[in-house]
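In our numbering, the protein residues as written are 1 to 581.
Here's the structure we're looking at; comments come further down.
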Ligand code: GLC
Ligand code: CA
């Protein structure tokens, strides 16, 4: 991209057009809801902005950047946990659900954050982490203190005189053993995640009522939704039957959507979701389309949105197949064409950066591939969940030493690899590609020391490219990822066709190009994306050739504002086009 006078001029005429802005008369089967039309911007509070120089992002930091968030055009912010926590798992181990972690600020800060968002027309979704609590939560302290404590049944215990409990797989434990022996009462407790995150017993109505009361506390404050962390795992068969040998290779089949999970969700809906105007989204969507429908179909009165992982899970260090990628997203779309609603995402705080995994983080392709992926996310059906920093085209930091990482789960796994004589070099290489810390490096605000994130020592390293990839630099570049993202946001806002319209995959077998139509009574868009670093051709087999079609948005700036729709449309590396038909 060589910005010149002509290029800058073209950029203006290729800018977003207000197409079909009038309300749509006839829509797809989907009923309209604000949470379907929203774009959710996920903020990782630890890494967004530090206000007091301790190197850790905080609520006051977010408050100071509310105008930036507003300027993006997003409608909803999802905030990762900010509750009281010993912070073993960066807040996903809550020790008091009604308190704010002092490192992040006070409840007064929280109230002014919520207020500041609402004043700007931005809604706030909070993380609800109730598959487990922290082992430092008062409930757990009570529970482990004696077998007859009233809180004993808040968690899952197995008395050791009954022998070893049937094997359960832990996602975070280095030995993958989900039962932790506790000498105090000679019993094991269950933890699907780390031993510092004991699983709550959802079969106990008292636990459920505690959770509803916590939800009421936040909903009464006026928050606008809940993201239910790891919720698909909450229901368990508490007789703990033996699972077949090797079940852990397919643990989802045994862990997700078990027991009375839907009963619990219906009760939660009746107690909370039906009483407040809040959106609800589940992390995970079970194992099948049917599982996902059972979570979100409106006639079931459970949740609004679920997010499935098989799209985001595709990326591997040696690449991924675009054919598979297209097939996964197309299948999800068709399975939800008539009922239910899904999230569309390629990154979050548990993933490495989307550009490094699905695009190309080499300097010449970073901007283009980031813009191309954002085009995908914001032109698909479903609610986009967009991770902070992706609007700048942030990439993996390329950490080379274990000392660069902060995630305890990674540090444990490293120790384990060392102790068992594993291949450390290969381990580190895998981390550099896929570790979740890659997505948690500080948000770069400007080119000053520490990227303007903190005046102190940042809790985790800053990306080496922060002098070119930051808000201040990108604000001033009309062709930056940031300004492109804003145009995309406007395009989606102004055209509900992109939210509700029918999706049709085109040129299905093209291994480089992802092309699709989005259409309804109000309009029709063709989205053409080159997912590869090479020139490609979109084979237009179905659309009538036309001399002049309007190119409403494109990531190569030297494009005319109209193009000819031919049988073959050439594309440059990572080229993205949204065409109005
Ligand atoms: C979810 C969170 C992740 C956390 C885990 C345990 O997957 O997204 O960050 O570590 O649950 O709470
Ligand atoms: Ca701070």
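Cβ atoms here follow ideal geometry from the backbone N, Cα and C, with glycine treated the same way.
Just so it is clear, the structure is predicted and the values come from calculations on it, not from any experiment.
Under 8 Å, do residue i and residue j count as touching if we go by C-beta distance?
i, j, result
"residue 538", "residue 374", "no"
"residue 139", "residue 158", "no"
"residue 582", "residue 405", "Here the chain has residues from 1 to 581 only, and residue 582 is not among them."
"residue 482", "residue 368", "no"
"residue 38", "residue 77", "no"
"residue 238", "residue 156", "yes"
"residue 278", "residue 226", "yes"
"residue 130", "residue 200", "yes"
"residue 554", "residue 577", "yes"
"residue 230", "residue 202", "no"
"residue 383", "residue 34", "no"
For ligand 1, is there any heavy atom lying closer than 7 Å to the beta carbon of residue i?
i, result
"residue 44", "no"
"residue 197", "yes"
"residue 193", "yes"
"residue 230", "yes"
"residue 161", "no"
"residue 177", "no"
"residue 83", "no"
Can you give me the C-alpha to C-alpha distance between residue i and residue j, rounded to a whole angstrom?
i, j, result
"residue 297", "residue 305", "9 Å"
"residue 315", "residue 246", "25 Å"
"residue 402", "residue 414", "8 Å"
"residue 470", "residue 361", "15 Å"
"residue 22", "residue 544", "Per-residue confidence for residue 22 stands at a pLDDT of 36, beneath the threshold of 50, marking its modelled position as unreliable; no derived number is given."
"residue 255", "residue 424", "31 Å"
"residue 533", "residue 259", "47 Å"
"residue 451", "residue 490", "28 Å"
"residue 518", "residue 252", "33 Å"
"residue 474", "residue 480", "5 Å"
"residue 80", "residue 549", "42 Å"
"residue 24", "residue 286", "For residue 24, the predicted structure reports a pLDDT of 38, less than 50, and the residue's modelled location is therefore unreliable. A value from the coordinates is still provided. Roughly 33 Å between the two C-alpha positions."
"residue 271", "residue 128", "16 Å"
"residue 282", "residue 429", "31 Å"
"residue 446", "residue 145", "51 Å"
"residue 54", "residue 82", "16 Å"
"residue 28", "residue 487", "A caution first: residue 28 carries a pLDDT of 46, below 50, which makes its placement in the model unreliable, though a value can still be read off. Approximately 25 Å between the Cα atoms of the pair."
"residue 233", "residue 570", "47 Å"
"residue 208", "residue 126", "18 Å"
"residue 459", "residue 60", "17 Å"
"residue 106", "residue 302", "32 Å"
"residue 65", "residue 341", "31 Å"
"residue 312", "residue 177", "26 Å"
"residue 109", "residue 51", "12 Å"
"residue 339", "residue 441", "38 Å"
"residue 194", "residue 508", "42 Å"
"residue 380", "residue 133", "35 Å"
"residue 46", "residue 63", "13 Å"
"residue 540", "residue 323", "17 Å"
"residue 137", "residue 557", "54 Å"
With DSSP as the reference, identify every bridge partner of residue i, one or two as the case may be.
i, result
"residue 305", "281"
"residue 612", "Residue 612 lies beyond the range of the chain shown here (1 to 581); nothing can be said about it."
"residue 165", "Note: residue 165 sits in no beta bridge, so no partner."
"residue 520", "523"
"residue 202", "BP columns for residue 202 are empty, so no partner."
"residue 179", "190"
"residue 35", "Answer is none; residue 35 lacks a bridge partner."
"residue 362", "Partner(s): none; residue 362 has no beta bridge."
"residue 41", "77 and 386"
When you compare each of the options to residue i by their alpha carbons, which one comes out closest?
i, options, result
"residue 437", "40, 184 and 407", "407"
"residue 352", "337, 341 and 387", "387"
"residue 31", "500, 295 and 46", "500"
"residue 161", "177, 183 and 136", "183"
"residue 120", "79, 72, 104 and 99", "72"
"residue 57", "456, 300 and 175", "456"
"residue 377", "171, 358, 427 and 181", "358"
"residue 243", "421, 525, 165 and 133", "165"
"residue 464", "444, 266, 472 and 202", "444"
"residue 173", "312, 329 and 191", "191"
"residue 213", "396, 118 and 96", "96"
"residue 575", "325, 366 and 115", "366"
"residue 163", "497, 568, 149 and 187", "187"
"residue 498", "68, 520, 372 and 293", "520"
"residue 389", "511, 565 and 371", "371"
"residue 337", "572, 68, 412 and 503", "503"
With hydrogens ignored, establish whether the beta-carbon of residue i is closer than 7 Å to any heavy atom of ligand 2.
i, result
"residue 109", "no"
"residue 52", "yes"
"residue 58", "yes"
At a Cβ threshold of 8 Å, is residue i touching chain C?
i, result
"residue 337", "The question asks about chain C, but that chain is absent: this structure has only one protein chain."
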